[in-house]
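Just add 240 to wherever you are in the sequence shown, counting from 1, and you've got my numbering.
In what follows, a single structure is set out as structure tokens and then discussed.
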Amino acid sequence: MLDIQFIRDNAKRVQENTKRRGSDADVSAILKLDDKRKEIIKKEEELRAKRKQGSKEKPTPEQISEMKKVGQEVKKHETDRKKVEADLLEKMSWLPNMLADDVPDGGGDEDNVEIRLGGKKPEFSFPIKDHFELGQDLDLIDTERAARVSGARFFYLKNEAVLLRLALVQWTIQELMKEGFTPMFTPHLAKEQTLFGTGYLPFFSDEIYKIEGEDLSLIGTSEQTLVGYHQDEVLPSLEQPKLYAGLSSCFRTEAGSYGKDTKGIFRVHEFYKAELIVVCAPEDSVKWHEKCQEIEERILDGLGLHYRVVNICVGDLGAPGYKKFDCEAWFPGQNKFREVTSNTNITDFQTRRLNIRYKTNEGKVLFPHTISATGMTDRALLALLETYQNEDGSITIPEVLHPWTHGIKRIEKKI
Numbered sequence: 241m242l243d244i245q246f247i248r249d250n251a252k253r254v255q256e257n258t259k260r261r262g263s264d265a266d267v268s269a270i271l272k273l274d275d276k277r278k279e280i281i282k283k284e285e286e287l288r289a290k291r292k293q294g295s296k297e298k299p300t301p302e303q304i305s306e307m308k309k310v311g312q313e314v315k316k317h318e319t320d321r322k323k324v325e326a327d328l329l330e331k332m333s334w335l336p337n338m339l340a341d342d343v344p345d346g347g348g349d350e351d352n353v354e355i356r357l358g359g360k361k362p363e364f365s366f367p368i369k370d371h372f373e374l375g376q377d378l379d380l381i382d383t384e385r386a387a388r389v390s391g392a393r394f395f396y397l398k399n400e401a402v403l404l405r406l407a408l409v410q411w412t413i414q415e416l417m418k419e420g421f422t423p424m425f426t427p428h429l430a431k432e433q434t435l436f437g438t439g440y441l442p443f444f445s446d447e448i449y450k451i452e453g454e455d456l457s458l459i460g461t462s463e464q465t466l467v468g469y470h471q472d473e474v475l476p477s478l479e480q481p482k483l484y485a486g487l488s489s490c491f492r493t494e495a496g497s498y499g500k501d502t503k504g505i506f507r508v509h510e511f512y513k514a515e516l517i518v519v520c521a522p523e524d525s526v527k528w529h530e531k532c533q534e535i536e537e538r539i540l541d542g543l544g545l546h547y548r549v550v551n552i553c554v555g556d557l558g559a560p561g562y563k564k565f566d567c568e569a570w571f572p573g574q575n576k577f578r579e580v581t582s583n584t585n586i587t588d589f590q591t592r593r594l595n596i597r598y599k600t601n602e603g604k605v606l607f608p609h610t611i612s613a614t615g616m617t618d619r620a621l622l623a624l625l626e627t628y629q630n631e632d633g634s635i636t637i638p639e640v641l642h643p644w645t646h647g648i649k650r651i652e653k654k655i
């Protein structure tokens, strides 16, 4: 949510930003509604002052009649104001966040700008397989039975793939705790206000699984529950930011992805993720955005994955985001880079919607900024399967994960 005074002071800039982001939100309509709201408030205050003045003396019958009329007018103006405020909130809720100056133009992932490469590209002297072929051969992935049980885009992980996922989680959390992040298991369900506050409503309503008859939906990421953790709170000084590492399953309808990534389990309705959330003072958000990026890359380096970092273009940047980086790991079996982590500076877009504030050392109450980044997802597991495959069909497990794989260092075909 943008501040209404900021919108008023920067109306042209906000409208240009809105247009650039492909939104049809109308800034002039928002300002007209705000003007109307102010007019009604002014009239309400005048009527209340009149009623208060009349109550100071013993009223005549005529004055009693007049005060009843004033009371009725106050109620009417209250009703009108609430309707205008609801209309204003609805229109403001569709305004996307402002963009950083260096966000590239473009309409999709093909327009994202490569910043740098990381890790060493694996080379093979034998025909290679993708993660799904490997998963089938080594009895790690079962989508056929999952389809019978749950439908398309679901899967069972089996055998060493389970150990690999758990090891990834354990190692990632270990690395995040070294950086001061508090590990948290979060609820898998969230109320509509929390989804609105984090900017997933109204922008991504078609991506959300709603529980019929309940004010609850399955979360698409623990970002929603971790940022919502402090809604309607005033935090103490953020000289030390709030650092959270959330672990959860994530649920997405994948609306609009018909026909995409139908082979394998790269794009699914349910997956596991470790999420990084930073709640910090506004002047520190750029620094923490860069810090989260450093952490993401260090995790990928530790796993020995080849990847690239891209600056996300306007058309690929969700409405709450101010600036976003993705890390795309190299998938040898697909012969291309695929997104495995994201890292977004959301500024005060979420905290305004969730009414999260903090008190400065000078006693001012301000809205903090939030950063949302990825520690690991199941996609990292898939990249590992493809990267560490061997000529005999086995897969070597990266050394950093050995403490959690129960002595198993290599995944081999079952006899």
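By construction, the Cβ of each residue, glycine as well, lies at the ideal position given by its N, Cα and C atoms.
Nothing here was measured: the structure is a model prediction, and the numbers come from that model.
Practice prompt. With DSSP collapsed to three states, give me the class of His-529.
Written response: In the structure shown, His-529 sits in a helix (DSSP, three-state: H, G or I).
Practice prompt. For the alpha helix (DSSP H) holding Met-616, just list the boundary residues, first then last.
Written response: Not the alpha helix (DSSP H): Met-616 falls in the beta strand (DSSP E), residues 609–617.
Worksheet item: For the segment 335–344 against the segment 305–323, are there 3 or more C-beta pairs whose distance is under 8 Å?
Response: Segments in contact, no.
Worksheet item: Quick one: Cα of Asp-370 to Cα of Pro-427, how far?
Response: 33 Å
Discussion item. According to DSSP, Pro-522 sits in a beta bridge with which residue or residues?
Written reply: Answer is none; Pro-522 lacks a bridge partner.
Discussion item. With DSSP as the reference, identify every bridge partner of Gly-358, one or two as the case may be.
Written reply: Tyr-547
Item to complete: Measuring alpha carbon to alpha carbon, tell me which of Asp-566, Leu-557, Thr-591 ends up nearest Val-550.
Response: Asp-566
Worksheet item: Can you tell me the Cα-Cα spacing of Asp-264 and Leu-540, whole angstroms?
Response: Rounded to the nearest angstrom, the gap between the Cα atoms of Asp-264 and Leu-540 is 38 Å.
Discussion item. Based on DSSP bridge pairs, tell me the residues matched to Gln-629.
Written reply: Ile-635
Item to complete: Name the residue from Val-389, Leu-357, Arg-507, Asn-583 whose alpha carbon lies nearest to the alpha carbon of Pro-560.
Response: For Pro-560, the nearest C-alpha among the options comes from Asn-583.
Fill in: Identity of the residues DSSP links to Lys-564 by a beta bridge
Thr-584
Worksheet item: Out of Met-241, Glu-256, Phe-366, Leu-406, which has the shortest C-alpha to C-alpha gap to Gly-573?
Response: Phe-366
Discussion item. Taking the straight line between their C-alpha atoms, what separation do you get for Asp-377 and Ile-505?
Written reply: 15 Å
Worksheet item: From Arg-248, Arg-321, Gly-544, His-470, pick the residue whose C-alpha is nearest to that of Lys-192; which is it?
Response: What the structure shows of the chain is the stretch from 241 to 655, and residue 192 is not part of that stretch, so it cannot be assessed.
Item to complete: For Ile-552, name the three-state secondary structure that DSSP assigns.
Response: coil
Discussion item. Does the contact criterion of 3 or more C-beta pairs under 8 Å hold for the segment 589–599 versus the segment 464–481?
Written reply: Flag = yes, the segment 589–599 and the segment 464–481 touch.
Fill in: Residue closest to Leu-641, alpha-carbon to alpha-carbon, out of Glu-350, Ala-392, Ala-401, Phe-425
Cα-wise, what sits closest to Leu-641 is Ala-401.
Worksheet item: Going by other Cβ atoms of all chains shown within 10 Å of its Cβ, with 16 needed for buried, is Asn-575 buried or exposed?
Response: exposed
Practice prompt. Identify which residue in Ile-355, Glu-297, Ala-326 has its Cα closest to the Cα of Cys-553.
Written response: Ile-355
Discussion item. Rounding to the nearest angstrom, what Cα-Cα distance links Leu-563 and Ala-289 in this structure?
Written reply: One detail in the question is off: residue 563 reads as Lys in this sequence, not Leu. Looking at the two C-alpha atoms, the distance is approximately 48 Å.
Item to complete: Given a cut-off of 8 Å, decide if His-609 and Cys-520 are closer than it, judged by their beta-carbon atoms.
Response: For Cys-520 and His-609, yes; Cβs fall inside 8 Å.
Discussion item. Among Ile-451, Thr-383, Phe-511, Arg-260, whose alpha-carbon lies nearest the alpha-carbon of Arg-619?
Written reply: The shortest Cα separation from Arg-619 among Ile-451, Thr-383, Phe-511, Arg-260 belongs to Phe-511.
Fill in: Contacting residues, own chain, Cβ-Cβ under 8 Å from Lys-331 (five flanking each side not counted)
Ala-265, Asp-266, Ala-269, Ile-270, Leu-273
Worksheet item: Cβ atoms of Ile-596 and Ser-525: under 8 Å apart, would you say?
Response: no
Worksheet entry | Counted within 10 angstroms of its Cβ, other Cβ atoms place Phe-571 as buried (16 or more) or exposed | buried
Worksheet entry | Nearest neighbour of Gln-471, chosen from Phe-444, Ile-448, Gly-437 [CA to CA] | Among Phe-444, Ile-448, Gly-437, the Cα nearest to that of Gln-471 belongs to Gly-437.
Discussion item. Taking the alpha-carbon of Gly-542 as reference, which of Leu-624, Phe-364, Gln-255 has the nearest alpha-carbon?
Written reply: Leu-624
Worksheet entry | As assigned by DSSP and simplified to three states, the class of Ala-251 | helix
Practice prompt. Note down, in chain order, each residue of its chain lying with its Cβ closer than 8 Å to the Cβ of Lys-398, except the 5 sequence neighbours on either side.
Written response: Asp-379, Leu-380, Ile-381, Asp-382
Practice prompt. Would you kindly check if the distance between the Cβ of Leu-483 and the Cβ of Phe-425 is under 8 Å?
Written response: No.
Fill in: Span separating the alpha-carbon of Ala-430 from that of Glu-325
25 Å
Worksheet item: So Ser-305 is in the alpha helix (DSSP H); what residue range does that whole segment cover?
Response: 301–332
Discussion item. Rounded to whole angstroms, what is the Cα-Cα separation between Gly-544 and Glu-363?
Written reply: 13 Å
Discussion item. Rounded to the nearest angstrom, what separates Ala-495 and Gly-391 at their Cα positions?
Written reply: 15 Å
Worksheet entry | Chain-order list of residues whose beta-carbon lies under 7 Å from that of Phe-491 (same chain, five-residue window excluded) | Excluding its 5 nearest sequence neighbours in each direction, Phe-491 has C-beta neighbours in its own chain below 7 Å: Tyr-449, Leu-458, Ile-459, Gly-460, His-509, Glu-510, listed in chain order.
Worksheet item: Leu-287: which of Lys-308, Asp-632, Thr-300, Glu-463 sits nearest, CA to CA?
Response: Lys-308
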